[in-house]
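Asker: My questions will all concern the structure given below.
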Amino acid sequence: MTSMNLYRVCPVLAENATPEVTVLYEKSRKSSMKDDSLAQLVLVGSMDDANVELTATCDSAKSIWEKLLSVYEQSSLQQLDRLMEQFFRRGKDGDDDVVTHIAKLQKNFSELNDELKRVAKKTRPELLLMSRIMPTLPSEFFEFKSV
1 MTSMNLYRVC PVLAENATPE VTVLYEKSRK SSMKDDSLAQ LVLVGSMDDA NVELTATCDS
61 AKSIWEKLLS VYEQSSLQQL DRLMEQFFRR GKDGDDDVVT HIAKLQKNFS ELNDELKRVA
121 KKTRPELLLM SRIMPTLPSE FFEFKSV
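The opening residue of the sequence shown carries number 1 in UniProt numbering; numbering runs sequentially from there.
Encoded structure:
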């Protein structure tokens with residue numbers, strides 16, 4: 001639509017507008033079209049082929065952005081599910097020392113809380129992290145487990 005110079009313009013110029021208002025309106029409309037075209041170029045230029053195809057029917061930068069948001073906001077719940085599964089299934093890798101293992105769990109917990117905060121505006125308490133760390137420690141840390 002943009003190549004054919006067909007735009008949805010809002011607000012609409014009144015039929016009884018003065019010539020000065022008409023000139024200002026046209027100048028503003030052209031400036032908006034130029035800004036929108038530039039924004040579309042920036043968005044499309046930074047996308048991979050799949051996203052370009054996904055947004056091919058969009059006629060403005062705003063509609064491109066809304067389309068991308070609608071697609072990727074859906075997957076945030078899948079991301080949350082993946083992070084939860086990763087956190088609750090993570091065991092100590094044989095090659096990792098205890099400090100590295102705990103750091104990995106802390107990183108995963110932090111990512112999980114960040115995603116929870118973004119999606120649900122909530123976080124999980126640190127106690128959950130501690131409860132998750134303790135059973136994964138090797139037997140030589142048994143004294144810490146019983147505390």
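We treat Cβ as the ideally placed atom computed from N, Cα and C, and that holds for glycine.
Kindly indicate the opening and closing residues of the alpha helix (DSSP H) around residue 45.
Answerer: Here residue 45 corresponds to residue number 45 of the sequence shown, with the count starting at 1. Residue 45 -> alpha helix (DSSP H) spans 19–45.
Asker: Would you report the Cα separation of residue 18 and residue 77, rounded to the nearest angstrom?
Answerer: Translated into positions along the sequence shown, residue 18 becomes position 18. Translated into positions along the sequence shown, residue 77 becomes position 77. Computed Cα separation, rounded: 53 angstroms.
Asker: Determine the direct distance from the alpha carbon of residue 131 to that of residue 98, and round the result to whole angstroms.
Answerer: In the sequence shown, the residue the question calls residue 98 occupies position 98. In the sequence shown, the residue the question calls residue 131 occupies position 131. Distance between the alpha carbons of residue 98 and residue 131: 15 angstroms.
Asker: Could you say which of 108, 71, 103, 55 lies nearest to residue 40 if we only look at CA atoms?
Answerer: Here residue 40 corresponds to residue number 40 of the sequence shown, with the count starting at 1. Nearest C-alpha to residue 40: 55.
Asker: Given this structure, state the Cα-to-Cα distance separating residue 4 from residue 59, to the nearest angstrom.
Answerer: If you number the sequence shown from 1, residue 4 lands on position 4. If you number the sequence shown from 1, residue 59 lands on position 59. Confidence at residue 4 is low in this model, with a pLDDT of 44, below 50, so the placement of that residue should be treated as unreliable; the coordinate-derived value is given next. Each residue's Cα considered, the two are about 11 angstroms apart.
Asker: What is the DSSP secondary structure of residue 85, counted as helix, strand or coil?
Answerer: Taking the first residue of the sequence shown as 1, we reach residue 85 at position 85. Note: residue 85 maps to helix in three-state DSSP.
Asker: Just to confirm, are residue 83 and residue 111 a CB contact at a threshold of 8 angstroms?
Answerer: Position 83 of the sequence shown, counted from the start, is the residue given in the question as residue 83. Position 111 of the sequence shown, counted from the start, is the residue given in the question as residue 111. Yes, these two residues count as a Cβ contact at 8 angstroms.
Asker: Where do the N-terminal and C-terminal ends of the alpha helix (DSSP H) with residue 103 fall, by residue?
Answerer: Along the sequence shown, read from residue 1 onward, the residue named residue 103 stands at position 103. Per DSSP, residue 103 belongs to the alpha helix (DSSP H) from 98–120.
Asker: How is the alpha helix (DSSP H) around residue 127 delimited, first residue to last?
Answerer: One-based indexing of the sequence shown puts residue 127 at position 127. Residues 126–133.
Asker: Which stretch, first to last residue, makes up the alpha helix (DSSP H) that contains residue 50?
Answerer: Within the sequence shown, residue 50 is the residue found at index 50, counting from 1. 49–54 is the extent of the alpha helix (DSSP H) around residue 50.
Asker: Just tell me which of 136, 108, 71, 49 has its CA closest to the CA of residue 91.
Answerer: Counted from its first residue, the sequence shown places residue 91 at position 91. Of the candidates 136, 108, 71, 49, the one whose C-alpha sits nearest the C-alpha of residue 91 is 136.
Asker: Whole angstroms is fine: what's the gap from residue 96's alpha carbon to residue 107's?
Answerer: For the purposes of this step, residue 96 is identified with residue 96 of the sequence shown, where counting begins at 1. For the purposes of this step, residue 107 is identified with residue 107 of the sequence shown, where counting begins at 1. The straight-line gap from Cα to Cα measures roughly 15 angstroms.
Asker: Just to confirm, are residue 87 and residue 109 a CB contact at a threshold of 8 angstroms?
Answerer: Within the sequence shown, residue 87 is the residue found at index 87, counting from 1. Within the sequence shown, residue 109 is the residue found at index 109, counting from 1. Yes.
Asker: What's the C-alpha gap between residue 61 and residue 49?
Answerer: Indexing the sequence shown from 1 puts residue 61 at position 61. Indexing the sequence shown from 1 puts residue 49 at position 49. Spanning the two alpha carbons is a distance of roughly 17 angstroms.
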